[in-house]
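Report on one structure; see the data block that follows.
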Amino acid sequence: MNLPEAATFETPDSLLKLMDSKPADFIRLAALQSIASYKHNVGLFYKEASRYESTLADSTIKQLDILHNEIDKLNITSPATPSVTKSLRIVLERFKLIINMFSCSRF
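If you count the sequence shown from 1, position 84 lands on 85 in the numbering used here, and the numbers rise without skipping.
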């Protein structure tokens with residue numbers, strides 16, 4: 002992520018210090034530019050966080066799919082095996098649904 006240099010920002014404190022030495026128009030322009038830069042950076046951070054969120058959700062869903070496949074490969078000879086594996090599959094599908102819902106939401 003390419004962020005502008007920190008020196009391009011004026012903080013409220015630095016603007017207050019400049020008030021005695023710079024004209025009001027300079028202070029106004031510097032404040033507006035700093036606000037625009039901060040808003041731009043917040044947007045960049047939000048996009049980056051969304052990418053991490055999507056990557057985490059995709060990775061988790063892939064792991065659940067692998068676990069689902071492993072359950073299907075189990076060769077346990079027990080009368081209870083079909084109901085247990087079915088229950089596990091249902092739980093895995095619910096987890097996938099929850100993860101998908103979470104990854105689609107933005108908070």
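Cβ atoms here follow ideal geometry from the backbone N, Cα and C, with glycine treated the same way.
Distance from Leu98 to Leu68 at the Cβ level is roughly 15 Å; contact not present, criterion being Cβ atoms closer than 8 Å.
Beyond the five residues adjoining it in sequence on each side, Leu89 comes within less than 7 Å, by CB distance, of Ile72 in the same chain, given in chain order. In the three-state reduction of the DSSP assignment, Ser22 falls in the coil class. In the three-state reduction of the DSSP assignment, Ser106 falls in the coil class, being assigned neither a helical nor a strand state. For Thr12, the secondary structure class from DSSP, reduced to helix, strand or coil, is coil. Around Glu54, the same chain offers Ser104 as residues with beta carbons nearer than 8 Å, after the five sequence neighbours per side are excluded.
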